[in-house]
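Novice: Input: one structure, supplied below.
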Amino acid sequence: MSKLNIKNLIKSFPSMDRPAVNNVNLDIESGELVAFLGPSGCGKTTILKMITGLFQPDSGDIILDEQSLLKIPTEKRGVVMVFQNYLLFPYMNVNENVGFALKMKGVDKNIIDQKVKEMLELVKLPDIGLRKPKQLSGGQQQRVALARALISNPRILLLDEPLSNLDAHLRDEMRDLIVTIQQKLKVTTIFVTHDQEEAVLLADKIALIFDGELQNFTSPKNYYEKPKNIKAAKFFGGVNFINAKKDNHNLSTNIGTVHYKGENYTDLNEDNIITIRPENIKLSKNNDFNDNSFKGLIKSVIFSGTHTRYKIIVNDLELECSLQSVGLQDIKTDDTIYVHLPSDKIWAMNE
Ligand SMILES: Nc1ncnc2c1ncn2[C@@H]1O[C@H](COP(=O)(O)OP(=O)(O)O)[C@@H](O)[C@H]1O
Ligand SMILES: [Mg+2]
-2 MSKLNIKNLI KSFPSMDRPA VNNVNLDIES GELVAFLGPS GCGKTTILKM
48 ITGLFQPDSG DIILDEQSLL KIPTEKRGVV MVFQNYLLFP YMNVNENVGF
98 ALKMKGVDKN IIDQKVKEML ELVKLPDIGL RKPKQLSGGQ QQRVALARAL
148 ISNPRILLLD EPLSNLDAHL RDEMRDLIVT IQQKLKVTTI FVTHDQEEAV
198 LLADKIALIF DGELQNFTSP KNYYEKPKNI KAAKFFGGVN FINAKKDNHN
248 LSTNIGTVHY KGENYTDLNE DNIITIRPEN IKLSKNNDFN DNSFKGLIKS
298 VIFSGTHTRY KIIVNDLELE CSLQSVGLQD IKTDDTIYVH LPSDKIWAMN
348 E
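Numbering-wise (my numbering), the sequence shown opens with residue -2 and increments by one.
Below, the structure is given as structure tokens:
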């Protein structure tokens, strides 16, 4: 079990006019499964490569269990990385690929054979030890790469977009396998993805990265309900944003005064933005709500099978609301409706 602290990490490339990784700070607890999430080119792989030692940072530090890794050679760091394109040794069979790290360390052949067998069982691939990588499917190669990484009992496991080259059903299977193995071995793991849904399904915590900068590092639930800024909220499908001013423990907006219960009230600037998930807004034809209730007009109603999505105009502002199943009966475009923003479900942000 190992904890990882990343401190003020910066890495630039001459070809870029901004740092590829710009002052990133992260504290990853022992045994955590953390997703690095962000669009292509935001610096995810570059951070992993600095953790393994493939890149040297320009400045900052990477500390594993209280010890800086920067002066420690790659092979002595206890960090293993599974690359996006697997990078298996093509001329070695599966057993030789998986046992490679132990062979390099001069471990006894019988012990290696036993360990290789255990690892292939762990990734649910027994009986293919004599095949060469080109005789395997993409999903199987991915599992072999994982077994090869895990055999050396790493302190940190780095997985670079492990699911992006797999088709949908294999992706689900591999995702479940990664979670099962991670929970069994309790190895501190960083998982890179550009897919928000994947990060949510898999991770204890998500580090959201844009343009080399860490936007937020928190639980998947917080990204939905308490995003740090509007960029993070939008990346997680946030659609409702209302400009607001602080007003004596409430928030004043151009749809009216909004009562607010968020614990961050004192940290808010004078001008801020309110967000609320579409599924947390309530609707009523009569004004059934005491608090944070605003009159609006239905602009559209879309039934999607599991939900019904409403667009509602409140004082020139468009809000989206999602109700389960068929939603409210007898509601159609141009009807008047009362929109309720429950005070414990709204969240205000500085930007
Ligand atoms: N070896 C390199 N030399 C020059 N530029 C690089 C190198 N590696 C990455 N970059 C640049 O750094 C930025 C971040 O890349 P990367 O970390 O691979 O992004 P991600 O993994 O998030 O898609 C990109 O603009 C990329 O072109
Ligand atoms: Mg990458």
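Backbone N, C-alpha and C fix where the C-beta goes; we use that ideal spot for every residue, glycine too. Given the structure is predicted, the values throughout are model-derived calculations rather than measurements.
#1: According to DSSP, is PHE52 helix, strand or coil?
#2: Go to PHE97, then tell me how far its beta strand (DSSP E) extends in each direction, as first and last residue.
#3: Contact check, TYR221 vs PHE233 under 8 Å by CB: the rounded distance?
#4: Kindly indicate which residue of CYS39, GLU29 and ASP14 has the alpha-carbon position closest to the one of VAL21.
#5: Tell me HIS246's beta-bridge partners as DSSP assigns them.
#6: ILE203 by DSSP, collapsed to three states: which one?
#7: Entirely within the stretch 168 to 216 and at least 3 residues each: give me those beta strand (DSSP E) ranges in chain order.
#8: Does at least one heavy atom of ligand 1 sit under 6 Å from the Cβ of GLY50?
#9: Taking one C-beta from the stretch 61 to 72 and one from the stretch 116 to 131 each time, how about it: are there three or more such pairs within less than 8 Å?
#10: According to DSSP, is PHE232 helix, strand or coil?
#11: Who are the near neighbours of LEU167 in its chain, counting only those whose CB is closer than 7 Å to its CB and skipping five residues on each side?
#12: Thinking C-alpha only, which one of SER281, LEU23 and SER322 is nearest GLY302?
#13: Given a cut-off of 7 Å, decide if VAL336 and PHE291 are closer than it, judged by their beta-carbon atoms.
#14: Can CYS318 be considered in contact with ligand 1, in the sense that its beta carbon sits closer than 6 Å to one or more heavy atoms?
#15: Give the straight-line distance between the Cα atoms of ILE310 and ASN213, rounded to the nearest whole angstrom.
#16: What three-state label does DSSP hand ILE59 in the structure shown?
#17: Can we count LYS202 as close to ligand 2, meaning its CB is less than 6 Å from some heavy atom?
#18: How about THR49 and MET78: do their beta carbons lie closer than 7 Å?
#19: Do VAL76 and ILE187 have their CB atoms nearer than 7 Å?
Specialist: Taking the structure as given:
#1: Stepping through the sequence shown from its first residue, residue 52 is reached at position 55. Coil at PHE52, not helix or strand.
#2: Stepping through the sequence shown from its first residue, residue 97 is reached at position 100. DSSP places PHE97 outside any beta strand (DSSP E); the residue lies instead in the alpha helix (DSSP H), whose first and last residues are 91 to 101.
#3: As a working note, residue 221 is residue 224 in the sequence shown. As a working note, residue 233 is residue 236 in the sequence shown. Contact flag correct, Cβ pair sits at about 6 Å.
#4: Along the sequence shown, read from residue 1 onward, the residue named residue 21 stands at position 24. The option with the nearest alpha carbon to VAL21 is CYS39.
#5: In the sequence shown, the residue the question calls residue 246 occupies position 249. Paired residue(s): none; HIS246 is not in a bridge.
#6: For the purposes of this step, residue 203 is taken as the residue at position 206 of the sequence shown. DSSP places ILE203 in strand when its eight states are reduced to three.
#7: You should have 185 to 190, 202 to 207 and 210 to 215.
#8: As a first step, residue 50 is located in the sequence shown; it is residue number 53 there, counting from the start. Set against 6 Å, the gap from the CB of GLY50 to the closest heavy atom of ligand 1 is not smaller.
#9: Verdict: no, contact absent.
#10: For the purposes of this step, residue 232 is identified with residue 235 of the sequence shown, where counting begins at 1. PHE232 falls in the helix class under three-state DSSP.
#11: In the sequence shown, counting from the first residue as 1, residue 167 sits at position 170. Once the five neighbours on either side are set aside, the close Cβ partners of LEU167 are GLY136.
#12: Looking up residue 302 in the sequence shown gives position 305. Among SER281, LEU23 and SER322, the Cα nearest to that of GLY302 is on SER322.
#13: As a working mapping, residue 291 is identified with position 294 in the sequence shown. As a working mapping, residue 336 is identified with position 339 in the sequence shown. Cβ distance < 7 Å, so PHE291 and VAL336 count as in contact.
#14: Taking the sequence shown and counting its residues from 1, one reaches residue 318 at position 321. It does not: the Cβ of CYS318 is nowhere closer than 6 Å to a heavy atom of ligand 1.
#15: Taking the sequence shown and counting its residues from 1, the one referred to as residue 310 is at position 313. Taking the sequence shown and counting its residues from 1, the one referred to as residue 213 is at position 216. The straight-line gap from Cα to Cα measures roughly 31 Å.
#16: Within the sequence shown, numbered from 1, the residue matching residue 59 stands at position 62. Strand, per DSSP.
#17: As a first step, residue 202 must be located in the sequence shown, where it is residue number 205. Not under cutoff, so the answer is no.
#18: Sequence index remark: in the sequence shown, residue 49 carries index 52 (1-based). Sequence index remark: in the sequence shown, residue 78 carries index 81 (1-based). MET78 is positioned such that its CB atom lies closer than 7 Å to that of THR49.
#19: Sequence index remark: in the sequence shown, residue 76 carries index 79 (1-based). Sequence index remark: in the sequence shown, residue 187 carries index 190 (1-based). The Cβ atoms of VAL76 and ILE187 do not sit closer than 7 Å to each other.
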